[in-house]
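To start, the structure itself, in C-alpha cells.
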Amino acid sequence: MIARSLGRSVVLIEKGTHPRAAIGESSTPLANLFFEGLCKRYELSALSPLAKWGSWQRTYPEIACGLKRGFTFHHHAPGGESSFDCQRRDQLLVAASPRNEIADTHWYRADFDFFLVKQAVERGVDYFDRVELQCFEDSGEKVTLRGVRDGRAVEFCARFVIDATGPRGFLYRALGLSDAGLPDYPATQGLYNHFSDVGRLADTAYGRTDERPPYPVDDAAVHHVFDGGWIWVLKFNNGITSAGVAVTDELAAQLRLADGAPAWERLLMRIPALRAQFAAARTERPFTHLPRLAFRSSAIAGSRWALLPSAAGFVDPLLSTGFPLTLLGVVRLAEIIERDWQSARFSERLREYAALTDEELLATAQLTGALYANMSNFEVFVALTLLYFAAASFSESARRLERPQLASAFLLCKHPDFGPALTRICARARQGLTANDSRQLIAEILAAIEPFNVAGLGRPERRNWYPVDAGDLLDGAEKLGASFDEVNAMLERCGFNRQPAEDSAAMAWLPK
Ligand SMILES: Cc1cc2nc3c(=O)[nH]c(=O)nc-3n(C[C@H](O)[C@H](O)[C@H](O)COP(=O)(O)OP(=O)(O)OC[C@H]3O[C@@H](n4cnc5c(N)ncnc54)[C@H](O)[C@@H]3O)c2cc1C
0 MIARSLGRSV VLIEKGTHPR AAIGESSTPL ANLFFEGLCK RYELSALSPL
50 AKWGSWQRTY PEIACGLKRG FTFHHHAPGG ESSFDCQRRD QLLVAASPRN
100 EIADTHWYRA DFDFFLVKQA VERGVDYFDR VELQCFEDSG EKVTLRGVRD
150 GRAVEFCARF VIDATGPRGF LYRALGLSDA GLPDYPATQG LYNHFSDVGR
200 LADTAYGRTD ERPPYPVDDA AVHHVFDGGW IWVLKFNNGI TSAGVAVTDE
250 LAAQLRLADG APAWERLLMR IPALRAQFAA ARTERPFTHL PRLAFRSSAI
300 AGSRWALLPS AAGFVDPLLS TGFPLTLLGV VRLAEIIERD WQSARFSERL
350 REYAALTDEE LLATAQLTGA LYANMSNFEV FVALTLLYFA AASFSESARR
400 LERPQLASAF LLCKHPDFGP ALTRICARAR QGLTANDSRQ LIAEILAAIE
450 PFNVAGLGRP ERRNWYPVDA GDLLDGAEKL GASFDEVNAM LERCGFNRQP
500 AEDSAAMAWL PK
C-alpha cells in the first residue's frame, strides 16, 4: 500500500488464500506508534483506527482483536502451587497504556490480514493468491519471478522484490541463503494453538490479590515463566484464546513437544494455575510444532531485493518484539523507496538497512538469550526485562516528542552508552550467577537504565507493578532533552487529562 501511495506499480503474491491463520499477534506501544506513523505519512487513513483498541472497536468491530493493557509475567517454581508473596517476587506487571481507549491490541491475524489485503486491492495493488513461486532471476535490468498458479505457469517481472514470507521463506530458499545462527543463543522450539473456553487467570486462585493491579491481569500479553521456557496466553474478543509455549531443546525433549496435544497436557500438569485456567478449554485446530524457533538469514538485501525483518530473522515471541522490528523495517524500506528509488544511493541505503536489521536482531537475541538463562532466577529475569521496558518506553517517548534521533535503533542498540551496556550485561547474565553475582548484576542493570528510565522502572516501592504514571515521564523530561511544558503537551496529545493537584504547584495528570 505504501509503495502504491508512492506511485509504484505493485504486485502482491501470496501462496495461500485469505482469510488464513497466522501466528504473531500481540502488538506493543512502539509497534503501534510505527503503525500510526506509517498510516499518517502515506495517507492510509482506513488503517489508522487499528492502531488503538478504542478506535478499532468503534470503526471495525467485525475485525476480531484482543485488549492489551500491558505485559503480565508470572513465575512458576517446578511443580509447585503458587503461594501468595506480598513482595510480588513471583510476578511482574508492566502497564503499556493507562486505559482501554488508547490500549494496544492482539491482532486476530485471520481477520486483520484479510482486511489489509482487501485494502491493498482497493488501493490498486494487483493481488495474486494461490501462487507457488519457484524461482527468482535477476537479469541486471529487472527481476523475474516464476511459479505455478492453479497448475499453470506464471511469471512476474519487477524492478524490486520485497520478501514478506516469514523466516526461511521464499527468497531464503530461492537464493540459496543459509541460517547464520544467533551467537550464544539456546536452541528453542515452539508449540501453539488457538483455544475456546479458556478461563481468566484472575478468576483462578493464583490471580487473586488484595491490591488492585495496574490493569486487569488477563487484558495483556500474559507470560508464564519457568525453568527452560515460558507460555504465552493472549485473549481475543471473539472467545478465542491464543496460547503456546517456547522451550529449550532440553525441556522440549522431556515434554516430547513434537507430540502436540499430549505434550501440551503434560505441560499444563506442571503448572496448577494454568491447569485450572485451561480446564474447560477446547482446541480450535491441530497444534503447530516449530522444531526450531530462532533464525537469522545470512543475507538481508541485494541490489534488487530485500527481506522484511520478519523474513530476515526471528528470535522468540518473548516481549512481542516481532511487530516493532518488522514495522521499523517497513518504515525504513518505505523511506528508501520514497527518497532513493531513482538515486545512485539506492544500493547503499539497502546495505545500511540490511546491516541495521541484522544488528537489531542480534541485540534482541542477546537479551532473549539472557532471559532464557535466568528463567529459574526470576529476580534477575525481571531486572533484565527492565532493559527492554526502559529502552522501549524511552524510544516511544522520544518519538512522541519528535526526537526520533534519540532512539534510532531497536533496544537502543546503537546508543553509545546503552548499546555496549546491553551487550555486557546480557553476556554476564548468560553465565551461571551466584546470589552475589545476581545482586551485582541487578545493580548494574538499574545503573544502566537510569539515564533512560522515564517509567519509574526498578523503584522498590512499586514491588514489580508498574502503572503508567505521567509523573514518571515528567520527572524524566530532562533525559529526553525536553522541557516540562513539552512533556505536558505530549501527555495531552496522548490522551491524558490534566487536573489541578492539591499539594503541588504543578498539575497532576490522570488517565482521561
Ligand atoms: C510462535 C510465534 C509467536 C509470535 N508472537 C508474536 C507476538 O506476539 N508479537 C509480535 O510482535 N511478534 C510475534 N511473532 C513474530 C511475528 O510472527 C512476525 O513478526 C509476523 O508474523 C510477521 O508478519 P508477516 O506478515 O511479515 O509474516 P508471516 O506472518 O510469516 O506471513 C507470511 C505470509 O507469506 C506467505 N508466504 C509464505 N511463503 C510464501 C511463498 N513462498 N510465496 C508466497 N507467499 C508466501 C504466507 O502464506 C503468509 O501469508 C511470533 C512468531 C512466532 C513464530
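In numbering that gives the first Met the number 0, the protein residues as written are 0 to 511. Idealized CB from N, CA, C, for every residue including glycine.
task: Return the bridge partner residues of residue 231 from the DSSP annotation.
output: Mapped onto the sequence shown, residue 231 falls at position 232. Beta-bridge pairing links residue 231 to 222, 243.
message: Quick check on the burial criterion: 16 or more other C-beta atoms within 10 angstroms. Buried or exposed for residue 6?
response: Residue numbering aside, residue 6 sits at position 7 when the sequence shown is read from its first letter. Residue 6 should be labelled exposed.
- prompt: Using the C-alpha atoms, what's the distance from residue 122 back to residue 1?
  reply: For this step, residue 1 is matched to residue 2 along the sequence shown. For this step, residue 122 is matched to residue 123 along the sequence shown. Those two C-alpha atoms are separated by around 10 Å.
Chain-order list of residues whose beta-carbon lies under 6 Å from that of residue 204 (same chain, five-residue window excluded): Looking up residue 204 in the sequence shown gives position 205. With a pLDDT of 49 at residue 204, under the threshold of 50, the predicted position of this residue should be treated as unreliable, though the coordinate-derived value follows. Counting only Cβ-Cβ distances below 6 Å, and skipping sequence neighbours, we find nothing.
message: Is it the case that the stretch 302-311 contacts the stretch 326-336, given that we only count it when at least three CB pairs across the two stretches are under 8 Å?
response: yes
query: At which residue ranges does the stretch 297-370 contain complete alpha helix (DSSP H) runs of 4 or more residues, listed in the order of the chain?
result: 308-311, 321-339
- request: With a cut-off of 8 Å on the beta carbons, I'd call residue 222 and residue 75 a contact; round off their distance for me.
  value: Here residue 222 refers to the residue found at position 223 of the sequence shown. Here residue 75 refers to the residue found at position 76 of the sequence shown. Wrong, their Cβ atoms sit about 11 Å apart, outside the cutoff.
- prompt: Would the beta-carbon of residue 25 be found less than 8 Å away from any heavy atom of ligand 1?
  reply: Within the sequence shown, the letter at position 26 stands for residue 25. Because some heavy atom of ligand 1 lies under 8 Å away, the Cβ of residue 25 counts as near it: yes.
- prompt: Helix or strand or just coil, what does DSSP make of residue 412?
  reply: By one-based count along the sequence shown, residue 412 stands at place 413. Of the three classes helix, strand and coil, the one that applies to residue 412 here is coil, per DSSP.
task: State yes or no: is the C-beta of residue 140 nearer than 8 Å to some heavy atom of ligand 1?
output: Residue 140 sits at position 141 when you count from the first residue of the sequence shown. It does not: the Cβ of residue 140 is nowhere closer than 8 Å to a heavy atom of ligand 1.
message: Would residue 8 and residue 179 be called neighbours here (beta carbons separated by less than 9 Å)?
response: Residue mapping note: residue 8 aligns to position 9 of the sequence shown, counting from 1. Residue mapping note: residue 179 aligns to position 180 of the sequence shown, counting from 1. Not a contact, by the Cβ cut-off of 9 Å.
query: To which residues does DSSP link residue 192 through a beta bridge?
result: Reading the sequence shown from its first residue, position 193 is the one you call residue 192. Paired residues: 242.
message: Measuring straight from C-alpha to C-alpha, what distance separates residue 442 and residue 449?
response: By 1-based counting over the sequence shown, the position of residue 442 is 443. By 1-based counting over the sequence shown, the position of residue 449 is 450. In a straight line, the C-alpha of residue 442 is about 11 Å away from that of residue 449.
field: N-terminal and C-terminal residue of the alpha helix (DSSP H) that residue 30 is part of
entry: As a working note, residue 30 is residue 31 in the sequence shown. Start and end: 28-40.
message: On a Cα-Cα basis, can you pick out the residue from 29, 199, 367, 436 that is closest to residue 183?
response: Working through the sequence shown from its first residue, we reach residue 183 at position 184. Closest by alpha carbon: 367.
- prompt: Where do the N-terminal and C-terminal ends of the alpha helix (DSSP H) with residue 115 fall, by residue?
  reply: The residue labelled residue 115 in the question sits at position 116 within the sequence shown. From DSSP, the alpha helix (DSSP H) with residue 115 extends over 108-121.
query: If you drop the 5 nearest sequence neighbours on each side, which residues of the same chain put their C-beta closer than 6 Å to that of residue 476?
result: Sequence index remark: in the sequence shown, residue 476 carries index 477 (1-based). Cβ neighbours of residue 476 beyond the five flanking positions: 483, 486.
task: Go ahead and pull the three-state DSSP assignment for residue 478.
output: Taking the sequence shown and counting its residues from 1, the one referred to as residue 478 is at position 479. Helix at residue 478.
query: Buried or exposed: where does residue 390 fall if 16 or more other Cβ atoms within 10 Å of its Cβ makes it buried?
result: In the sequence shown, residue 390 corresponds to position 391, counting from 1. Taking a 10 Å sphere around the C-beta of residue 390, we find 16 or more other C-beta atoms and assign the residue as buried.
- prompt: Between the C-alpha atoms of residue 50 and residue 438, what's the straight-line distance to the nearest angstrom?
  reply: On the sequence shown, residue 50 is found 51 positions in, with the first residue counted as 1. On the sequence shown, residue 438 is found 439 positions in, with the first residue counted as 1. So the two alpha carbons sit approximately 39 Å from each other.
- prompt: Is the distance from the Cβ of residue 260 to the Cβ of residue 282 below 9 Å?
  reply: Within the sequence shown, numbered from 1, the residue matching residue 260 stands at position 261. Within the sequence shown, numbered from 1, the residue matching residue 282 stands at position 283. Yes, they are a contact pair.
query: Can at least three beta-carbon pairs, one atom from the stretch 43-63 and one from the stretch 262-278, be found at a separation below 8 Å?
result: no
- prompt: Rounded to whole angstroms, how far is the Cβ of residue 324 from the Cβ of residue 409, which I believe are closer than 8 Å?
  reply: In the sequence shown, counting from the first residue as 1, residue 324 sits at position 325. In the sequence shown, counting from the first residue as 1, residue 409 sits at position 410. With 8 Å as the limit, residue 324 and residue 409 qualify as a contact, their Cβ atoms being about 6 Å apart.
- request: Rank 378, 209, 414 by C-alpha distance to the C-alpha of residue 434 and give the top, closest one.
  value: Here residue 434 corresponds to residue number 435 of the sequence shown, with the count starting at 1. It is 378 whose Cα lies nearest to the Cα of residue 434.
message: Can you tell me whether residue 117 sits near ligand 1, meaning its C-beta is under 8 Å from at least one heavy atom of the ligand?
response: As a position in the sequence shown, residue 117 is number 118, starting the count at 1. Checking the Cβ of residue 117 against ligand 1 gives no.
field: Straight-line Cα distance separating residue 12 from residue 18
entry: In the sequence shown, counting from the first residue as 1, residue 18 sits at position 19. In the sequence shown, counting from the first residue as 1, residue 12 sits at position 13. One C-alpha to the other measures close to 15 Å.
message: Taking 8 Å as the cut-off, is the beta-carbon of residue 70 closer than that to any non-hydrogen atom of ligand 1?
response: Within the sequence shown, the letter at position 71 stands for residue 70. It does not: the Cβ of residue 70 is nowhere closer than 8 Å to a heavy atom of ligand 1.
task: Count the CB pairs spanning the stretch 233-243 and the stretch 187-195 that are closer than 8 Å, and state whether there are at least three.
output: yes
- prompt: Beta carbon of residue 20, beta carbon of residue 108: below 9 Å?
  reply: Translated into positions along the sequence shown, residue 20 becomes position 21. Translated into positions along the sequence shown, residue 108 becomes position 109. Yes, the Cβ-Cβ distance between residue 20 and residue 108 is below 9 Å.
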